[in-house]
Amino acid sequence: LSSARPTSPVPSSTNVAMSEAKWDLPGRFRSFLGAEERRVLVAEVESRVVKALEEARKLMHLRKAETLELEHFNDALRQLGEEPVVGFADTREAAKTKVALMQLLEAPTPPIPAEPSLRWHWLSVDGRQPSVPENPSPADETEALLNVGAVHEMSEEMRAYFDKVTEAVRGALQESPREVKAVWQSLASDQGLQELVPYFCRLVERKVSAAGTPASVILNCLTLLSCLFRNKHLHLNFYLQQIMPVVLTCVVRRQIGAKGDPTHFRVRKDATILLCSLCDMFAHQYPTLLPRVWKTLHTAVQGEKKPLEANFGGIVGLSAMGPNVTAGLLLPLVPDVLRRFDAIAEKKRDDDAERQLLRETRVALLDATGNHFHSQIANGASVVGRSRVEETKLGKEDFASLTRVFGEALYPYMRELVFDELVGLTVVDTPRRRSKRLKKS
Numbered sequence: 345l346s347s348a349r350p351t352s353p354v355p356s357s358t359n360v361a362m363s364e365a366k367w368d369l370p371g372r373f374r375s376f377l378g379a380e381e382r383r384v385l386v387a388e389v390e391s392r393v394v395k396a397l398e399e400a401r402k403l404m405h406l407r408k409a410e411t412l413e414l415e416h417f418n419d420a421l422r423q424l425g426e427e428p429v430v431g432f433a434d435t436r437e438a439a440k441t442k443v444a445l446m447q448l449l450e451a452p453t454p455p456i457p458a459e460p461s462l463r464w465h466w467l468s469v470d471g472r473q474p475s476v477p478e479n480p481s482p483a484d485e486t487e488a489l490l491n492v493g494a495v496h497e498m499s500e501e502m503r504a505y506f507d508k509v510t511e512a513v514r515g516a517l518q519e520s521p522r523e524v525k526a527v528w529q530s531l532a533s534d535q536g537l538q539e540l541v542p543y544f545c546r547l548v549e550r551k552v553s554a555a556g557t558p559a560s561v562i563l564n565c566l567t568l569l570s571c572l573f574r575n576k577h578l579h580l581n582f583y584l585q586q587i588m589p590v591v592l593t594c595v596v597r598r599q600i601g602a603k604g605d606p607t608h609f610r611v612r613k614d615a616t617i618l619l620c621s622l623c624d625m626f627a628h629q630y631p632t633l634l635p636r637v638w639k640t641l642h643t644a645v646q647g648e649k650k651p652l653e654a655n656f657g658g659i660v661g662l663s664a665m666g667p668n669v670t671a672g673l674l675l676p677l678v679p680d681v682l683r684r685f686d687a688i689a690e691k692k693r694d695d696d697a698e699r700q701l702l703r704e705t706r707v708a709l710l711d712a713t714g715n716h717f718h719s720q721i722a723n724g725a726s727v728v729g730r731s732r733v734e735e736t737k738l739g740k741e742d743f744a745s746l747t748r749v750f751g752e753a754l755y756p757y758m759r760e761l762v763f764d765e766l767v768g769l770t771v772v773d774t775p776r777r778r779s780k781r782l783k784k785s
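Written as structure tokens, this is what we have:
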């Protein structure tokens with residue numbers, strides 16, 4: 345790709361974006377790749393070059409330089425985990441270098457460079473990364489995470505600590521549960537870990553966003569974040585813009601781990617618990633945090649083309665945000681969501697994995713609705729005899745419509761209620777209610 349060149353001259357004005365230039369590949373690549381592959385490959389190369397130039401410009405301003413030099417570009421590539429450009433940072437250094445002509449003539453001929461070519465290899469098989477030379481090894485991954493160039497130097501003790509945490513996240517310490525427990529306890533209580541927080545955030549972001557990451561590794565990432573937020577000596581509000589997308593991804597992502605792995609249900613529930621904790625801690629500092637989270641979860645449930653995994657995560661997330669969010673955002677969607685589930689059940693009769701996922705999503709929706717009704721009635725409908733449903737936050741029509749939708753499945757959540765199709769909702773005067781009434785009197 346180093347020989348790729350623009351088919352038309354690029355204007356020298358700095359205001360013209362790089363994406364306006366029409367790039368193409370050499371002839372041998374055009375014959376090997378199709379039009380769609382060439383378009384994707386050129387777009388990827390262009391985006392990486394633009395990103396490297398942006399990082400180099402930041403370094404130039406940070407070092408208070410007036411011109412962008414090759415040294416800035418090399419340092420930017422090192423920060424992004426790429427190989428630096430081979431060349432001289434200053435042309436005067438190349439001019440000062442002396443070359444002995446006789447030694448150059450007597451030197452052996454260098455080997456012929458290999459012809460550039462492309463070949464395929466597997467990135468992951470059944471959620472696991474094959475150990476082939478093309479895939480990065482765990483040591484290379486740790487080196488890329490810590491490759492900070494000249495911006496920040498890390499001590500050997502901190503590097504060893506980060507390596508141990510990385511092993512715990514990858515699951516390499518499964519045979520020693522005491523060691524894993526010690527790592528989590530250390531993250532939740534030790535002081536002096538503030539300088540490692542950006543590397544932990546980058547580690548979690550790469551693990552969650554990578555395709556084929558096992559669900560157990562994502563669970564470890566959530567445990568890592570939970571331990572960091574329990575540590576009272578750390579200031580994590582500066583990294584909230586990196587952590588919130590990761591947690592929301594774990595809640596509403598389509599596939600977590602291998603296909604058909606039931607562990608993704610636990611991942612979504614644990615991510616929901618962590619999401620509620622983050623909202624409790626930072627909602628008073630950032631007024632737009634809660635509305636943005638609610639919108640993301642509501643879209644995951646409401647979208648017609650959203651997968652069942654996203655529906656499950658959105659239902660669990662909205663039900664955990666409190667009764668007002670459940671009544672305002674989730675319950676109005678119940679009839680449409682159930683009709684969509686019925687249509688999916690008709691199409692996926694022979695798919696056992698889809699049927700199990702559909703069953704779990706139905707149970708989550710029923711659980712959210714039943715628990716909300718039970719809490720509302722326990723707080724509002726406490727009169728003996730005929731219930732005054734109008735005094736509760738939910739109207740009589742809401743009760744009637746949702747009970748018709750779910751039917752007898754709501755009975756376990758309302759053991760003190762008797763449903764009558766003619767008179768609506770009636771509260772039974774049970775001994776428990778009588779004892780409560782006597783205590784109040």
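Using this note's numbering, the letters of the sequence shown correspond one by one to residues 345 to 785.
Yeah, the Cβ is synthetic: ideal placement off N, Cα and C, and Gly gets one too.
How long is the line joining the alpha carbons of Pro667 and Leu673, rounded to whole angstroms?
-> 10 Å
C-beta contact flag for Gly556 and Ser468 at 8 Å | yes
How long is the line joining the alpha carbons of Val509 and Arg522, rounded to whole angstroms?
-> 14 Å
Does the region 639-649 come close enough to the region 579-591 that 3 or more CB-CB pairs lie under 8 Å?
-> no
Report back the beta-carbon spacing between Ala644 and Gly658 to the nearest angstrom; my notes put them in contact at under 8 Å.
-> 3 Å
Three-state secondary structure (DSSP) at Val681?
-> helix
Taking C-alpha atoms, which residue in Lys408, Ala664, Lys395 and Thr593 lies nearest to Asp624?
-> Ala664
Quick one: what's got a C-beta closer than 7 Å to Leu633's C-beta in the same chain, skipping five residues either side?
-> Cys623, Phe626 and Ala627
Using only alpha-carbon positions, find the residue among Leu462, Met502 and His416 that is nearest to Glu539.
-> Met502
Runs of beta strand (DSSP E) wholly within the region 376-400 (minimum 3 residues, chain order) = none
How would you call Arg612, buried or exposed, if buried means at least 16 neighbouring beta carbons within 10 angstroms?
-> buried
How many Å lie between Lys525 and Gly425 at the Cα?
-> 31 Å
Local Cβ density within 10 Å of Asp534, reported as buried at 16 or more and exposed below that | exposed
Which residues in the same chain have their Cβ closer than 7 Å to the Cβ of Glu398, if we skip the five residues on either side of it in sequence?
-> none
For Pro428 and Asn418, the rounded distance between their alpha carbons | 5 Å
Using 10 angstroms around the beta-carbon of Val707, count the other beta-carbons present and answer buried if the total reaches 16, otherwise exposed.
-> exposed
Is the shortest distance between the beta-carbon of Thr607 and the beta-carbons of chain D less than 8 Å?
-> Of the protein chains in the structure, only one exists, and it is not chain D.
Can you have a look at Thr616 and say buried or exposed, based on whether 16 or more other CB atoms are within 10 angstroms of its CB?
-> buried
To the nearest whole angstrom, what separates the beta carbons of Ser560 and Gly515, a pair I think is in contact under 8 Å?
-> 6 Å
What whole-angstrom Cβ distance do Pro679 and Val749 have, given they're in contact under 8 Å?
-> 6 Å
What are the partner residues of Arg472, as DSSP defines its beta bridges?
-> Val469
Looking at the structure shown, is Lys650 part of a helix, part of a strand, or coil, going by DSSP?
-> coil
Can you give me the Cβ contacts of Phe656 inside the same chain, cut-off strictly under 6 Å, excluding the 5 residues immediately before and after it?
-> Thr705 and Ala708
Let me know the alpha helix (DSSP H) ranges lying completely inside the region 531-597, each 4 residues or longer, listed in chain order.
-> 541-553, 559-574 and 584-596
Going along the chain, which residues of its own chain have a beta-carbon closer than 8 Å to the beta-carbon of Asn715, five neighbours each way excluded?
-> Ser663 and Tyr757
Report the residue from His405, Lys395, Ala444 and Thr411 whose alpha carbon sits nearest the alpha carbon of Leu421.
-> Lys395
Check each candidate in Thr567, Ser530 and Gly536 and name the one with the smallest Cα separation from Leu547.
-> Thr567
With a Cβ-Cβ cutoff of 8 Å, do Asn564 and Ala532 count as a contact?
-> no
CA-CA distance, Arg684 and Phe544?
-> 40 Å
Tyr505 versus Cys594 - alpha carbon distance | 26 Å
Burial state of Ile456, where buried means 16 or more other Cβ atoms lie within 10 Å = exposed
What did DSSP end up calling Ala458 once you bin it into helix, strand or coil?
-> coil
Just the C-alpha distance for Thr770 and Leu710, rounded to the nearest angstrom, thanks.
-> Interpretation of Thr770 is limited by its pLDDT of 44, a score under 50 that renders its predicted location unreliable; no figure is taken from the coordinates.
Mind checking whether Val660 and Leu618 have CB atoms under 8 Å apart?
-> no
Can you tell me whether Ala400 is buried or exposed, with buried defined as 16 or more other CB within 10 angstroms of its CB?
-> buried
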